[in-house]
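Following: one structure in structure tokens, then a few remarks.
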Amino acid sequence: MRYESPTTTKAAVALLSGEKGQAYVLAGGTDLLVRLRMDTIEPDLMVDIKRIPAMSEVTKTASGFKIGAAVSGAALEKNKALVKAWPGVVEAANLIGSDQIQGRCTMVGNLCNASPAADSVPALIAAGAKAVIVGKKKRTVPVEKFITGPGQTCLEKGEIVESITLPAPAKKSGDAYLRFIPRTEMDIAVVGVGISLTLKRGVIDSARVSLGAVAPTPLLVKAAAKAIIGTKLDDAALDALAMACTAACNPIDDKRGTIEYRERVAGVLAKRTAKIAYERAGGK
Amino acid sequence: MAGVHVTTTINNDPVEYVCPADESLLDVLRDNLGLTGVKEGCGTGDCGACSVTLDGQLVCACLVLGAEAEGRTITTVEGMADGEKLHPLQEQFINNAALQCGICTPGFLIAAKALLDENLSPTETEIRYALAGNLCRCTGYDKIVKAVQAAAKDLRKQNKKKK
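Protein sequence lines correspond, in order, to chains A and B.
Numbers in the working numbering are just positions in the first sequence, counted from 1, shifted up by 66.
Numbers in the working numbering are just positions in the second sequence, counted from 1, shifted up by 14.
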């Protein structure tokens with residue numbers, strides 16, 4: 067295996083597209099180096115992107131935020147402007163693993179790992195985040211379209227995610243992410259729910275609802291958003307939200323929960339998540 | 015396999031080594047450099063026995079490549095004591111019998127120090143969350159938490175004296 071640590075995105079793309087064997091991007095390494103160790107991958111080349119300055123920072127842009135592919139969970143938490151604008155996104159990213167893992171893991175890595183249960187992904191989808199992909203050409207893909215199956219993404223050979231962009235939050239808006247796990251910390255989501263919403267005169271004017279761990283890919287559930295738009299999140303709206311979320315599930319049975327359990331929890335958790343987002347938006 | 019030549023700083027000392035590109039920092043520290051205070055538990059980032067700091071950030075050395083350390087600053091448990099004088103955390107782990115077999119201890123010490131460097135008055139809950147990435151299979155966590163609380167108290171006293 068060769069190890070390279072280029073200092074520009076262009077050089078990283080050239081290395082990845084020029085490699086004839088198996089090439090991997092190394093960001094935090096919290097998934098990749100485990101796979102290396104387990105011998106489930108045999109890389110010919112590993113391209114460490116942490117020396118690329120543009121990928122190592124969170125920048126406030128005219129349209130919102132740009133989060134570089136090499137930014138760790140710990141660094142996200144320290145960015146006060148980002149925490150204020152998108153608390154749900156940062157909380158979701160910070161739920162992943164221990165402090166040791168947070169020191170290394172990245173949100174783009176979480177996305178590219180493409181686990182159906184990836185914690186940051188539903189929060190990103192709810193927030194309307196986009197992945198900025200660089201290869202032969204630059205293209206931008208909404209996060210909900212990025213993951214194509216368990217462990218599968220829309221990335222082609224020689225392509226790399228340079229950053230994730232988040233819009234500037236609208237006035238009177240709020241987001242939240244909750245996940246359910248059988249223990250207090252450090253587990254894989256049984257269900258994860260990300261919701262962002264915007265109020266107009268106290269009524270929900272727009273919303274995005276996303277579910278994780280209940281289908282082969284994280285889902286954007288438009289019917290669930292529809293259930294709360296035009297409401298003040300009264301009990302009837304919350305029940306409709308829960309029903310829409312339960313109906314959208316297509317989960318597996320595993321040691322963490324049965325199909326029926328995940329469907330039920332998706333509804334309950336969506337209600338709780340919506341209440342937090344609503345409160346953060348200033349709703350009463 | 016071509017080796018990667020790395021120049022780095024470990025426990026304030028300049029260090030150079032050559033390692034295979036796919037070798038973990040954990041293996042480099044233990045096998046090449048003899049820093050065996052860094053323990054290997056799971057090797058997959060779950061147990062925290064190999065906790066070190068990399069540019070001040072708490073990480074698992076098993077999930078870092080040796081090659082990545084170029085130009086960085088690493089601290090291991092070997093760098094915690096000031097010569098013969100133990101760090102207050104080390105003192106209090108002994109006083110509180112917060113260890114039994116000792117395999118997890120260096121990782122706990124490094125993680126606890128990372129916490130106290132940020133927050134000298136952590137609540138019990140904060141301590142438990144901060145140490146959630148470190149597993150102990152013999153002593154149990156109560157004594158460890160008590161040791162961290164006692165060390166935090168010592169450090170607060172020390173800081174007061176300095177002022």
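For glycine and all other residues, C-beta sits at the position ideal for the given N, C-alpha and C.
Keep in mind it's a predicted model, so treat the numbers as computed, not measured.
For residue i, the residue or residues it bridges with in DSSP
| i | result |
| --- | --- |
| M112(A) | Y69(A), Y90(A) |
| G258(A) | R245(A), G278(A) |
| C74(B) | S65(B) |
| C33(B) | V18(B) |
| D320(A) | G323(A) |
| T231(A) | K132(A), K196(A) |
| T219(A) | I213(A) |
| P28(B) | T23(B) |
| R330(A) | For R330(A), which the question treats as bridged, DSSP gives no partner whatsoever. |
| L46(A) | Any question about residue 46(A) goes unanswered here, given that chain A covers just 67 to 350. |
| R406(A) | No answer is possible for residue 406(A): it lies beyond the span of chain A, which begins at 67 and ends at 350. |
| I226(A) | V200(A) |
| P208(A) | K196(A) |
| L79(B) | S38(B) |
| T89(B) | T67(B) |
| D96(B) | K99(B) |
| T312(A) | DSSP, once it has assigned bridges, lists no residue as partnering T312(A). |
| G240(A) | L263(A) |
| V159(B) | Looking at the DSSP assignment, V159(B) forms no beta bridge with any residue, so it has no partner. |
| T96(A) | Bridge partners of T96(A): none, in fact. |
Whole-angstrom C-beta distance between residue j and residue i, which should lie under 8 Å
| i | j | result |
| --- | --- | --- |
| S65(B) | Q168(A) | That pair is no contact at about 13 Å. |
| G154(A) | D241(A) | 4 Å |
| A125(B) | G62(B) | 6 Å |
| P284(A) | P188(A) | 5 Å |
| S164(A) | A146(B) | 5 Å |
| R274(A) | I213(A) | With a Cβ gap of about 16 Å, R274(A) and I213(A) do not count as contacting. |
| L304(A) | K337(A) | 5 Å |
| A91(A) | I115(A) | Checking the sequence, you will find Val at residue 91(A) rather than Ala. 6 Å between Cβ atoms; contact. |
| P109(A) | Q88(A) | 5 Å |
| I172(A) | G94(A) | Here the sequence assigns Thr to residue 172(A), which means Ile is not the residue at that position. Confirmed, about 5 Å. |
Classification of residue i by the beta-carbon crowding that lies within 10 angstroms, buried from 16 upward
| i | result |
| --- | --- |
| V269(A) | exposed |
| A128(B) | buried |
| H19(B) | exposed |
| K237(A) | exposed |
| S135(B) | exposed |
| C150(B) | buried |
| D301(A) | exposed |
| T139(B) | exposed |
| R170(A) | buried |
| E132(B) | exposed |
| C152(B) | exposed |
| A147(A) | exposed |
| P248(A) | exposed |
| T137(B) | exposed |
| A16(B) | exposed |
| C115(B) | exposed |
| N148(B) | buried |
| D209(B) | Outside the modelled stretch of chain B, which goes from 15 to 177, sits residue 209(B), for which no answer is possible. |
### Query
Taking any Cβ of chain A, which residues in the region 45-69 of chain B have a Cβ under 7 Å from it, in chain order?
Of all residues in the region 45-69 of chain B, G57, T58, G59, G62, S65 have a Cβ within less than 7 Å of some Cβ in chain A.
### Message
Counting beta carbon pairs with one atom in the region 38-49 of chain B and one in the region 321-333 of chain A, are three or more of them shorter than 8 Å?
### Response
No, they do not touch.
### Task
For the region 72-87 of chain B, enumerate the residues whose C-beta is nearer than 8 Å to any C-beta of chain A, in chain order.
L72, V73, C74, C76, L77, V78, L79, A81, E82, E84
### Query
Can we say the region 196-208 of chain A touches the region 77-97 of chain B, given the rule of at least three CB pairs closer than 8 Å?
Inter-segment contact for the region 196-208 of chain A and the region 77-97 of chain B is absent: fewer than three beta-carbon pairs are separated by less than 8 Å.
### Message
What are the residues in the region 98-115 of chain A lying within 8 Å of chain B by C-beta distance?
### Response
L99, V100, L102, R103, M104, P109, M112, D114
### Query
Does the region 220-232 of chain A come close enough to the region 124-141 of chain A that 3 or more CB-CB pairs lie under 8 Å?
yes
### Query
Residues in the region 141-153 of chain B with C-beta within 8 Å of chain A's C-beta atoms, listed in sequence order?
Y143, A144, A146, G147, N148
### Task
Could you tell me whether the region 178-189 of chain A touches the region 274-288 of chain A, where touching means 3 or more Cβ pairs closer than 8 Å?
Segment contact: the region 178-189 of chain A against the region 274-288 of chain A, three or more CB-CB distances shorter than 8 Å; contact assigned.
### Query
In chain order, what residues of the region 235-263 of chain A put their CB closer than 9 Å to some CB of chain B?
T250, E251, M252
### Message
Taking contact to mean 3 or more Cβ pairs, one atom from each stretch, closer than 8 Å, check whether the region 156-170 of chain B and the region 100-116 of chain B are in contact.
### Response
yes
### Message
Residues of the region 26-45 of chain B in Cβ contact with chain A at a cutoff of 9 Å, in chain order, please.
### Response
P34, A35, D36, S38
### Task
Determine which residues of the region 125-137 of chain B have a Cβ less than 9 Å from any Cβ of chain A, and write them out in chain order.
A125, A128, L129
### Query
Counting Cβ pairs, one atom from each stretch, are 3 or more of them under 8 Å apart for the region 64-78 of chain B and the region 30-46 of chain B?
yes
### Given 8 Å, three or more beta-carbon pairs between the region 335-346 of chain A and the region 23-41 of chain B
no
#### Entry: Near-chain B residues of the region 156-169 of chain A - C-beta to any C-beta below 9 Å
G163, S164, D165, Q166, I167, Q168, G169
### Query
Quick one: any contact between the region 307-315 of chain A and the region 327-336 of chain A, if contact means 3 or more CB pairs under 8 Å?
yes
### Query
If contact means a Cβ-Cβ distance below 7 Å, which residues of the region 68-94 of chain A contact chain B?
Answer set for the region 68-94 of chain A: R68, Y69.
### Task
Decide if the region 239-253 of chain A is in contact with the region 102-115 of chain A; the criterion is three or more beta carbon pairs, one per stretch, under 8 Å apart.
no
### Query
What residues in the region 199-232 of chain A have a beta carbon less than 9 Å from any beta carbon of chain B?
Taken residue by residue, none of the region 199-232 of chain A has a beta-carbon sitting less than 9 Å from a beta-carbon on chain B.
#### Entry: Contact set between the region 184-198 of chain A and chain B, restricted to residues whose Cβ is under 8 Å from the partner
Listed by position along the chain: nothing, the set is empty.
### Task
Could you run through the region 116-149 of chain A and flag, in chain order, every residue whose CB is less than 8 Å away from some CB of chain B?
Listed in sequence order: K116, S138, A140.
### Message
Against chain A, which members of the region 90-120 of chain B pass a CB distance test of less than 7 Å?
### Response
none
### Query
When you check each C-beta in the region 263-291 of chain A against every C-beta of chain B, which residues fall closer than 9 Å?
none
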